[in-house]
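Enquirer: Our numbering puts the first residue of the sequence shown at 8, with every later residue one more than the last.
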Amino acid sequence: MITSGEGPISPHRTETIPQTTGFADGPLPPPLDPALSMTTESALDTTAMKAEAQDFQATFQEAREEIGKVIVGQQRVVEAALTALFCGGNVLLEGVPGLGKTELIKAMSQVLDLDFKRIQFTPDLMPADIVGTNVMNTDAHGRYQFEFRPGPIFTQLLLADEINRATPKTQSALLETMQEGTVTTAGTMHRLKQPFFVMATQNPLEQEGTYPLPEAQLDRFLFKIHVPFVSLTELNEIVTRTILKQQVTLRKLLNSERIMQLRDVLAKVVVADPMREFACRLVLSTHPETVEAPDGVRKYVRWGASPRAAQALIRAARVRALSQGRAHVSFDDIRYFAGEVLKHRTLLNYDGQAENVQVGDLITECVTTITEKAG
8 MITSGEGPIS
18 PHRTETIPQT
28 TGFADGPLPP
38 PLDPALSMTT
48 ESALDTTAMK
58 AEAQDFQATF
68 QEAREEIGKV
78 IVGQQRVVEA
88 ALTALFCGGN
98 VLLEGVPGLG
108 KTELIKAMSQ
118 VLDLDFKRIQ
128 FTPDLMPADI
138 VGTNVMNTDA
148 HGRYQFEFRP
158 GPIFTQLLLA
168 DEINRATPKT
178 QSALLETMQE
188 GTVTTAGTMH
198 RLKQPFFVMA
208 TQNPLEQEGT
218 YPLPEAQLDR
228 FLFKIHVPFV
238 SLTELNEIVT
248 RTILKQQVTL
258 RKLLNSERIM
268 QLRDVLAKVV
278 VADPMREFAC
288 RLVLSTHPET
298 VEAPDGVRKY
308 VRWGASPRAA
318 QALIRAARVR
328 ALSQGRAHVS
338 FDDIRYFAGE
348 VLKHRTLLNY
358 DGQAENVQVG
368 DLITECVTTI
378 TEKAG
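Pasting the structure below:
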């Protein structure tokens, strides 16, 4: 028999041991509310996203202003080119010679601290002149072996000048690099350094001896940007800079790693269901057989934009929202680059070509006709 100060303890008797709460003579704390915890985390995520959006806005604005030190006017062109770069897309510039298309991409390479190369497309240019070729060489022991000599496409910013002067066979050499960021030669795939950005140009005036880009390749360009002629004030400024030979030194504001970090922010931008549906309805409005198509599209359009156009609208809208310091996409963000996205993806029928209908006017009609609310 086991005894204690109060008497014998039965082996079948159980004693209650008082629980300690860690609070001196106080009640137990109330359980944490899961909804309150989730609200706190959501508030922290929202604050962090706002800070990232403001950082993107400041960086985008600073880069645009720095490029503007070299490019006179053309604010829309500069903004669209930077937007396409941050989207991971490519652009096709169309304009007469002498408007600064080459200077634009050179200025971008300096401000963004990226490698730059230029290819002047001609009718006799071959695909191997762009992507590179395998040449036979000897090693240190005198043995023959093939060695790959990379072409000018192995860069980060590539200017494809007058791309419509090369044959379709040569033009197609850019398809894989623009879509996948890779080059395949002799069965070996070479990955290009990111970010990789193609800026192609074409002259709308001289069409003799040119090869218009096929629809499949036009669809690979995120934007087709029209470069307008300069105004009197801008032309005077260009001539003044040329006469005085003012040397402008551009600052390096970004680099490859920083650009890839900013691209990662795009995925965090909120695209609500009504915004996504609006972008899809806007693309469908370019097809003459759909209910969303306005009268002009039904009469003059043979084929509308592809699904890539809807993707491009959303990607461009995300960059536009961030450049304005917002972490969510609005309807105006989707409308903002509608012309650059849809115009080169919409094909006129015979009546439209015969009456010289401007595709840009039809896209404007689509943008103004489509309502924000479905139905």
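Yeah, the Cβ is synthetic: ideal placement off N, Cα and C, and Gly gets one too.
As the structure is a computational prediction, the values presented were derived from the model and not from experiment.
(1) In whole angstroms, give me the CA-to-CA distance for Thr53 and Arg325.
(2) By DSSP, does His351 sit in helix, in strand, or in coil?
(3) What are the boundary residues of the beta strand (DSSP E) that includes Tyr151?
(4) Run through DSSP, which three-state label would Gln268 get?
(5) Tell me the residue span of the alpha helix (DSSP H) that contains Ala135.
(6) Which partner residues does Asn141 have in the DSSP bridge list?
(7) In the DSSP output, which residue or residues are listed as bridge partners for Ala334?
(8) Can you list, in chain order, the residues of its chain whose CB lies under 6 Å from that of Pro157, leaving out five sequence neighbours each side?
(9) Looking at C-alpha atoms only, which residue of Phe338, Phe161, Thr217 and Val237 is the closest neighbour of Ala279?
(10) Is Asp168 helix, strand or coil when you go by DSSP?
(11) Just curious, the alpha helix (DSSP H) that Phe93 is in, first and last residue?
(12) Using the C-alpha atoms, what's the distance from Leu320 back to Glu187?
(13) Tell me the rounded alpha-carbon separation between Ile377 and Leu289.
(14) Is there contact here, the region 227-237 with the region 339-347, by at least three beta-carbon pairs under 8 Å?
(15) From Pro159 to Thr184, what does the alpha carbon distance come to, in whole angstroms?
(16) The alpha helix (DSSP H) that contains Gln117, what's its start and end?
(17) Let me know the secondary structure DSSP gives Thr247 once reduced to three states.
(18) Looking at C-alpha atoms only, which residue of Phe123, Pro221 and Pro104 is the closest neighbour of Lys176?
(19) Does the beta-carbon distance from Gln163 to Phe128 come in below 8 Å?
(20) I believe Arg352 touches Ala312 by the beta-carbon criterion, under 8 Å. Please report the beta-carbon distance rounded to the nearest angstrom.
(21) Alpha carbon to alpha carbon, what distance is there between Glu362 and Leu182?
(22) May I ask you to report which of helix, strand or coil DSSP gives Leu260?
(23) Measuring alpha carbon to alpha carbon, tell me which residue in Arg333, Val255 and Gly96 is nearest Met56.
(24) So for Phe128, helix, strand or coil by DSSP?
(25) Beta carbon of Val205, beta carbon of Leu165: below 8 Å?
(26) Should Met45 be labelled buried (16 or more other beta-carbon atoms within 10 Å of its own) or exposed?
(27) Give the straight-line distance between the Cα atoms of Gln61 and Ala316, rounded to the nearest whole angstrom.
(28) Compute the distance between the beta-carbons of Val272 and Glu59, then report whether it is under 8 Å.
(29) Assuming Thr208 contacts Lys275 (C-beta within less than 8 Å), just tell me the rounded distance between them.
Expert: From the atom records:
(1) 16 Å
(2) helix
(3) Tyr151 to Pro157
(4) helix
(5) Pro134 to Val138
(6) For Asn141, DSSP records a beta bridge to Phe155.
(7) The secondary-structure analysis by DSSP pairs Ala334 with nothing; it has no beta-bridge partner.
(8) The residues are Gly139.
(9) Phe338
(10) In the three-state DSSP reduction, Asp168 falls in the strand class (E or B).
(11) In the DSSP annotation of this structure, the continuous segment of the alpha helix (DSSP H) that includes Phe93 starts and ends at Gln82 to Cys94.
(12) 20 Å
(13) 7 Å
(14) yes
(15) 12 Å
(16) Lys108 to Leu119
(17) helix
(18) Pro221
(19) no
(20) 4 Å
(21) Across the structure, Leu182 and Glu362 are spaced so that their CA atoms are roughly 33 Å apart.
(22) coil
(23) Arg333
(24) coil
(25) In this structure, Val205 lies near Leu165, with their beta-carbon atoms less than 8 Å apart.
(26) Interpretation of Met45 is limited by its pLDDT of 48, a score under 50 that renders its predicted location unreliable; no figure is taken from the coordinates.
(27) 27 Å
(28) yes
(29) Going by Cβ atoms, the distance from Thr208 to Lys275 rounds to 34 Å, so no, they are not a contact pair.
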